[in-house]
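Numbering (my numbering), first residue to last: 27 to 227. Don't be surprised by glycine CBs; every beta carbon is placed ideally from N, CA and C. Written below as structure tokens is the structure these notes are about.
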Ligand SMILES: [Zn+2]
């Protein structure tokens, strides 16, 4: 049976790089993959952008009210018609921005359509609260794998602290895509609590 994999990590843990490497591994064996991401993420528009400098356009984007399974099945039919081959894998970047209903569709794609789904994303927001899509993945994914990154102090980073300019902030909307004003720093628990004066959520 095909499985749903959730590969999560703090920001800057190399998720997009790992996704592009996984896609390459399939394609090296002559297999076809479908690259997807939620449409809410404006970073890189319709491309997967790795911090190592590798960029690749996605095949599909999912709007918040899209039926993810239906979009996938349409794409699979198109690939079959164009190339005569079947999709071997669905890879989703920034998966924390999918809705819980869409995450359930990822499980259906794996179990009912028989295609493995590799979903990459962040577990919690800047206030240490799970993204709804990530919470659902923690509940239903067959496999959970943490991609690790290091805090400035050398310990494992687990939280994504938000900065505006050079100041840490602990209030605001859950989704603020990093750009010129808002940035994020991956911190361990000790450094996060030191910056937040002991506050969580
Ligand atoms: Zn630290």
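Residues near residue i in its chain [Cβ-Cβ closer than 6 Å; skip 5 each side]
i          : result
residue 45 : 117, 119, 146
residue 66 : 123
Same chain, Cβ closer than 7 Å to residue i, neighbours up to 5 away in sequence not counted
i           : result
residue 184 : 36, 214, 215
Residue burial classification, residue i (beta-carbon count within 10 angstroms, cutoff 16)
i           : result
residue 131 : buried
residue 47  : exposed
residue 83  : exposed
residue 78  : exposed
residue 201 : exposed
residue 111 : exposed
residue 80  : exposed
residue 150 : buried
residue 129 : buried
residue 25  : Outside the shown range of the chain, which is 27 to 227, sits residue 25, and nothing can be said about it.
Beta-carbon proximity check, residue i vs residue j, cutoff 9 Å
i           : j           : result
residue 212 : residue 51  : no
residue 135 : residue 127 : no
residue 138 : residue 64  : no
residue 49  : residue 87  : no
residue 209 : residue 40  : no
residue 160 : residue 121 : yes
residue 58  : residue 105 : yes
Same chain, Cβ closer than 8 Å to residue i, five either side skipped, listed in chain order
i           : result
residue 141 : 28, 98, 102, 113, 114, 115, 116, 135
residue 207 : 190, 191
Handout entry: the stretch 157-173 in contact with the stretch 29-39 per 3-pair CB rule at 8 Å
Key = yes
Practice task
When you get a sec, list the residues whose CB is within less than 5 Å of any heavy atom of ligand 1, chain order please.
Solution key: 177, 179, 181, 214, 217
Exercise for the section: Decide if the stretch 176-183 is in contact with the stretch 143-160; the criterion is three or more beta carbon pairs, one per stretch, under 8 Å apart. Expected result: no
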